[in-house]
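Beneath this line is the structure, given in structure tokens, with notes to follow.
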Amino acid sequence: EVGAAMVEIGASTTEMAVYYEGKLRHVGVIPVAGTVVTTDLVKGLSIPFAEARRALETWGAASGRFVDPHETVEVPGPAPGQVRHVARELIAHIAEQRLDELFGLVQRELDRHDLADKLGAGVVLTGGAAALPGLIELAQEVFAAPVRLGVPGEGLGGLADSVGRPRLSTAVGLALWGCERFHETGEGATTVASAVVSRVGAWLREFF
């Protein structure tokens, strides 16, 4: 009711949806996301894409403030079998530059549609890149609004361990849509499958 924005940082795109007064007011897609950050690491560290992705997932952070400035990590060297050491702070600095740009683009989209002042409940970050240490704090600085991490799985019991990661938010949302479609076209079925779908659908409505 008071306004909130859901921002999902995926691999290729960042998608946003803004709700206000109980209605969906705006959706948008920004062509900057996790893969762009990984590509920046490929260029900045001169390492293969797979190693850059591993470095981001293992040692990455949204700002150098959240890592030990004296810590170094091993990345592949120029020759097979060789390794070299780079500062973890450098990985975080490269990521921060791109993520700061991304949040700036989201803020610009909000401003363009007169929605920046209609986020009383703040911003929810989700998607594969959303779990990066320090990302919430960086987003709070850019948006000047409350920011939290959106994680599927609350209230789902044992299944929560399997789906309780930000990167699964899209899959969870698609499951919600499928549940809605099931109830529209298959109401009255009494199979085990219908019971499972009903349970998952009820939880998904609670989460979203």
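Counting the sequence shown from 1 gives a position; my numbering is that position plus 107.
We put the CB at the ideal spot given by N, CA and C, even for glycine.
Distance, Cα to Cα, Glu-158 vs Glu-108?
-> On the sequence shown, position 51 is the one that residue 158 refers to. On the sequence shown, position 1 is the one that residue 108 refers to. Approximately 43 angstroms, taken between the alpha carbons.
Are three or more beta carbon pairs between the segment 147-166 and the segment 122-139 nearer than 8 angstroms?
-> no
Roughly how many whole angstroms lie between the Cα atoms of His-177 and Arg-195?
-> On the sequence shown, residue 177 is found 70 positions in, with the first residue counted as 1. On the sequence shown, residue 195 is found 88 positions in, with the first residue counted as 1. If you take the alpha carbons of His-177 and Arg-195, they lie about 8 angstroms apart.
Cutoff 6 angstroms; reference Glu-122; Cβ partners in own chain excluding five residues on either side = Here residue 122 corresponds to residue number 15 of the sequence shown, with the count starting at 1. Glu-115 and Val-136, listed in sequence order.
Own chain residues within Cβ distance below 8 angstroms of Leu-275, not counting five before or after | Numbered from 1 along the sequence shown, position 168 holds the residue referred to as residue 275. Residue confidence is low: Leu-275 scores 49 on pLDDT, short of 50, so the model does not pin down where it sits. Its coordinate-derived value is still stated next. Only Pro-259 meet the Cβ criterion.
Gln-247 versus Glu-216: straight-line alpha-carbon distance, rounded = Taking the sequence shown and counting its residues from 1, the one referred to as residue 247 is at position 140. Taking the sequence shown and counting its residues from 1, the one referred to as residue 216 is at position 109. Their backbone Cα atoms lie some 16 angstroms apart in a straight line.
CB contact flag (Ala-140, Ser-170, <8 angstroms) = Position 33 of the sequence shown, counted from the first residue, corresponds to residue 140. Position 63 of the sequence shown, counted from the first residue, corresponds to residue 170. Cβ distance not < 8 angstroms, so Ala-140 and Ser-170 don't count as in contact.
What are the boundary residues of the alpha helix (DSSP H) that Arg-195 is part of?
-> Locating residue 195 in the sequence shown gives position 88, counting from the first residue. Start and end: 195-219.
Alpha-carbon spacing of Gln-189 relative to Val-182, whole angstroms | What you label residue 189 is simply residue 82 of the sequence shown in a count that begins at 1. What you label residue 182 is simply residue 75 of the sequence shown in a count that begins at 1. Rounded to whole angstroms, Gln-189 to Val-182 spans 9 angstroms at the Cα level.
Under a three-way DSSP split, which group does Val-258 fall into?
-> What you label residue 258 is simply residue 151 of the sequence shown in a count that begins at 1. In the structure shown, Val-258 sits in coil (DSSP, three-state: anything other than H, G, I, E or B).
Tell me whether Thr-145 sits in a helix, a strand or coil according to DSSP, three-state version.
-> Counting from 1 along the sequence shown, the entry for residue 145 is found at position 38. Helix.
Three-state secondary structure (DSSP) at Gly-171?
-> The residue given as residue 171 occupies position 64 in the sequence shown. Helix at Gly-171.
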